[in-house]
Amino acid sequence: MADFGNDPGIWAAKGLGSVAGAAVSLVYMLPKGRREAGSRFFTGLICGLIFGGPVGLWLVSRLGIAGSLSGTEVMLTGSAAASLSAWWVLGAAARVAERFGRGK
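When the letters of the sequence shown are read in order and numbered with our numbering, they come out as residues 118 to 221.
Structure representation (structure tokens):
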């Protein structure tokens with residue numbers, strides 16, 4: 118499997134994937150204002166940087182393509198996927214917390 122050491126290429130792929138995923142999430146569902154756009158972008162960026170490696174490894178193992186991708190490609194796709202899905206996951210968690218937090 119891929120070695121995720123301190124290679125500058127891995128860090129660049131992680132950063133580029135995070136920025137790309139955050140940008141696509143803004144284009145896919147337009148924000149209501151500047152504040153929402155900023156918070157969504159930085160949420161996606163941070164989640165992509167933190168969870169890019171594990172998400173990339175999970176994706177390639179689920180798709181069965183682990184042997185055909187380099188570590189940089191795994192990191193790029195994982196960071197983009199984590200960044201893109203971060204806002205939707207947080208939104209779903211907020212709705213669940215709101216529903217069960219009312220104390221009906």
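Ideal Cβ placement from N, Cα and C applies to all residues, glycine included.
| Item | Value |
| --- | --- |
| Give me the residue from V191, A203, I163 with the minimum Cα distance to P171. | V191 |
| Determine the contact status of A130 and S196, defining contact as a CB-CB distance below 9 Å. | yes |
| Report yes or no: do three or more beta-carbon pairs, one from the segment 161-170 and one from the segment 138-147, lie closer than 8 Å? | yes |
| By the 10 Å Cβ neighbour count, where 16 or more other Cβ atoms means buried, how is S142 classified, buried or exposed? | buried |
| Indicate whether G173 and L193 have their beta-carbon atoms separated by less than 9 Å. | yes |
| Does the beta-carbon of G134 have 16 or more other beta-carbons within 10 angstroms, so that it is buried, or is it exposed? | buried |
| Since I163 is in the alpha helix (DSSP H), which residue starts that stretch and which ends it? | 151-180 |
| Using DSSP with H/G/I as helix, E/B as strand and the rest coil, what is P148? | coil |
| Considering A183, what are the terminal residues of the alpha helix (DSSP H) in which it resides? | It is not in any alpha helix (DSSP H) - A183 carries neither H nor E in the DSSP assignment. |
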